[in-house]
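Report on one structure; see the data block that follows.
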Amino acid sequence: MTTLGRTGIIAEHLLQQYGFSHHCRRIRAAEIPVLDLEHHPEAAFTRIVEECCRARDEDGIGAIVLGCGGMANLTQEISREVGLPVVEGVSAALKLAESLVGLGLYTSKHGDLAYPRPKAFTGKFAGLTDLALPLKPSTL
Numbered sequence: 083m084t085t086l087g088r089t090g091i092i093a094e095h096l097l098q099q100y101g102f103s104h105h106c107r108r109i110r111a112a113e114i115p116v117l118d119l120e121h122h123p124e125a126a127f128t129r130i131v132e133e134c135c136r137a138r139d140e141d142g143i144g145a146i147v148l149g150c151g152g153m154a155n156l157t158q159e160i161s162r163e164v165g166l167p168v169v170e171g172v173s174a175a176l177k178l179a180e181s182l183v184g185l186g187l188y189t190s191k192h193g194d195l196a197y198p199r200p201k202a203f204t205g206k207f208a209g210l211t212d213l214a215l216p217l218k219p220s221t222l
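Going by our numbering, the sequence shown opens with residue 83, and the numbers climb by one from there.
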C-alpha cells in the first residue's frame with residue numbers, strides 16, 4: 083500500500099530488484115499525498131483502510147505492507163480494521179538491525195568494506211593530515 087499511484091512503478095522496480103515480485107499480489111495506492119497523513123489524519127486513515135479492505139477482498143491477500151514511513155503510526159489501527167497483519171518498513175528494518183546487533187554481527191572490514199587507506203590532505207586542508215586518525219577495529 084503506497085500513498086500515490088505514481089510511486090507504484092518505484093515499488094515494482096524494488097520488488098523485481100530484490101526478487102519479491104512473486105510474493106506481491108498487487109501494488110495499491112490510497113491516492114493521498116503524504117502531507118495529508120499529518121494535516122488530515124482521519125480522512126487519510128479512512129482512505130487507507132478502504133483501499134486495504136479492497137485489497138483483502140479483491141486480491142485475496144494475507145498481509146499488507148505499507149510503502150510509506152508516514153503511515154507507520156497507523157499500523158496497528160489498520161490491522162485491527164482490516165483484520166490482517168500489517169508490516170511497515172521502518173519498524174521492520176529497526177528490528178532487523180537490532181537482531182543483527184543482538185547476534186554480535188557487524189559490518190565486515192575486509193574487501194570492499196575495508197577501512198579507507200590513509201591519505202594526505204592537500205590545499206587548504208593540508209594541516210589536517212596529522213589530525214586524521216584512521217579508525218581501528220578496537221574503536222568500534
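The beta carbon of each residue, even a glycine, is placed where N, CA and C say it ideally should be.
This structure is a prediction, so every number in the text was calculated from the model and none was measured.
Tell me which residues share the same chain as residue i and place their Cβ nearer than 7 Å to its Cβ, disregarding the 5 neighbours each side in the sequence.
i	result
Gly-87	Ala-111 and Glu-113
Leu-210	Phe-203
Cys-135	Val-164
Val-116	Thr-85, Cys-150 and Gly-152
Have a look at the options and flag the residue whose alpha-carbon is nearest the alpha-carbon of residue i.
i	options	result
His-105	Ile-143, Gly-193 and Cys-135	Ile-143
Ser-161	Thr-89, Leu-213 and Phe-127	Phe-127
Met-153	Val-172, Glu-140 and Pro-167	Val-172
Gly-25	Gly-205, Arg-108, Lys-201 and Gly-193	Only positions 83 to 222 of the chain appear in this structure, which leaves residue 25 out of reach.
Glu-124	Ala-175, Glu-159 and Arg-138	Glu-159
With respect to 7 Å, is the separation between the Cβ of residue i and the closest non-hydrogen atom of the ligand FMN below this value?
i	result
Gly-142	No copy of the ligand FMN appears in this structure; indeed no ligand is present at all.
In the DSSP assignment, what are the bridge partners of residue i?
i	result
Ile-146	Val-168
Thr-84	Ala-111
Give every residue of the same chain whose Cβ lies closer than 6 Å to the Cβ of residue i, excluding the five residues on either side of it in the sequence, and list them in chain order.
i	result
Glu-163	Val-131
Ala-145	Leu-166 and Pro-167
Under 8 Å Cβ to Cβ from residue i, same chain only, skipping five residues before and after it: list those, please.
i	result
Leu-222	For Leu-222, the predicted model reports a pLDDT of 48, less than 50, meaning its position is unreliable; a value from the coordinates is still stated below. Answer for Leu-222: Tyr-188, listed in chain order.
Glu-170	Val-147, Leu-148, Gly-151, Met-153, Ala-154 and Thr-157
Ala-137	Met-83, Arg-107, Arg-108, Arg-110, Ile-143 and Ile-146
Round the Cβ separation of residue i and residue j to the nearest angstrom and send it over; I've been treating them as touching at under 8 Å.
i	j	result
Lys-191	Tyr-197	6 Å
Q) Counting only runs that start and end within the stretch 97-163, where is the beta strand (DSSP E) found for 3 or more residues in a row? A) 146-148
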